[in-house]
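So the sequence lines, in the order shown, correspond to chains B and L.
Read in the numbering used here, the first sequence has 53 at position 53, and its numbers run on one by one without any break.
If you want the numbering used here, it's the position in the second sequence, counting the first as 1, plus 1000.
Even for Gly, the Cβ is constructed at its ideal location relative to N, Cα and C.
Following: one structure in structure tokens, then a few remarks.
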Amino acid sequence: NAGVTQTPKFQVLKTGQSMTLQCAQDMNHEYMSWYRQDPGMGLRLIHYSVGAGITDQGEVPNGYNVSRSTTEDFPLRLLSAAPSQTSVYFCASSYSKALLNTEAFFGQGTRLTVV
Amino acid sequence: KNQVEQSPQSLIILEGKNCTLQCNYTVSPFSNLRWYKQDTGRGPVSLTIMTFSENTKSNGRYTATLDADTKQSSLHITASQLSDSASYICVVSRLTGGGNKLTFGTGTQLKVEL
């Protein structure tokens, strides 16, 4: 059971480049989300999805796009990378649409540096 | 404003000793409170989830307490081991029209030494 798999683990981008961070889960979870983790701050929600075909913005969505064409995959796209997007990105999934009292499973993270 | 404050920011203890980490929150309306352990370079892993009606919850050597009246929680680690060295993150879930949303603390960095 792989759980939540993120690729790549590390990435360096030049300002203005675009890229996609991949996230896949094999637990048939409805709810998936993307967070960024910056030094001295708690994880912040970028985008989330409550099921295939449904996405919504979190608290820091600017500069990022998402789509959810299947239950398993939830890619995060950086449209035009900026140094402010240097961060560690985590994908998470949960069985419950509403998160309720169910556990959220996190991927290993993608460390992104924008130069 | 929905906030989660953790203390101390960092802590060093000797192997075998106990320690207690604190979490204060102003998140409303409250749904549940979670403690996560995050090893360096890894994603957070859930330790406990507590609802409004639960005062104490244990997971092995980890025991979490919740006082919903004072909006405080603690995580007690018993007989610490070197493998307990990690960041411990308090997360509070609040109810919104779009479902539950998580507010994360900045974590307590614990180092266990010989």
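is_contact[residue i, chain B] using C-beta, thresh 8 Å
i        : result
R1094(L) : no
P1008(L) : no
V1027(L) : no
I1012(L) : no
G1043(L) : yes
S1046(L) : yes
V1112(L) : no
I1049(L) : yes
Option in the options with minimal Cα separation from residue i
i        : options                                   : result
S18(B)   : G58(B), P83(B) and R36(B)                 : P83(B)
G63(B)   : P39(B), G40(B), G107(B) and T15(B)        : T15(B)
A1064(L) : Y1088(L), R1042(L) and N1100(L)           : Y1088(L)
G1060(L) : S1046(L), E1054(L), T1051(L) and D1067(L) : S1046(L)
S1073(L) : T1040(L), D1084(L), F1052(L) and A1079(L) : F1052(L)
A24(B)   : R36(B), F74(B) and D38(B)                 : F74(B)
S1093(L) : Q1006(L), P1029(L) and K1001(L)           : P1029(L)
Q1022(L) : T1078(L), V1004(L) and R1042(L)           : V1004(L)
A52(B)   : D38(B), N28(B), Y35(B) and M41(B)         : N28(B)
E1054(L) : K1101(L), Y1025(L), S1031(L) and S1010(L) : S1031(L)
G40(B)   : T1108(L), L1114(L) and V1112(L)           : T1108(L)
K1101(L) : C1019(L), I1012(L), L1033(L) and S1010(L) : L1033(L)
Contact list for residue i against chain L, beta-carbon separation under 8 Å
i      : result
M19(B) : In chain order: nothing, as chain L lies at least about 20 Å away.
9 Å Cβ cut-off: residues of chain B touching residue i
i        : result
G1060(L) : The contacting residues do not exist; G1060(L) stays about 16 Å from chain B at best.
Any chain L beta carbon closer than 8 Å to residue i
i       : result
M27(B)  : no
G107(B) : yes
7 Å Cβ cut-off: residues of chain B touching residue i
i        : result
G1097(L) : Those within 7 Å of G1097(L) in chain B number zero; the least Cβ separation is about 11 Å.
F1104(L) : G42 and L43
Ignoring anything shorter than 3 residues, give me the beta strand (DSSP E) runs that lie fully in the region 1054 to 1097 of chain L, in order along the chain. Positions of the beta strand (DSSP E) runs, each at least 3 residues long and wholly inside the region 1054 to 1097 of chain L, are given as 1056 to 1059, 1062 to 1067, 1072 to 1077 and 1086 to 1096 in order along the chain.
What runs of the beta strand (DSSP E), each 3 residues or longer, lie entirely inside the region 47 to 97 of chain B? Correct list: 54 to 57, 64 to 66, 76 to 78 and 87 to 94.
Fully enclosed by the region 1008 to 1039 of chain L, which beta strand (DSSP E) runs are 3 residues long or longer? Listed in chain order, they are 1010 to 1014, 1019 to 1025 and 1030 to 1038.
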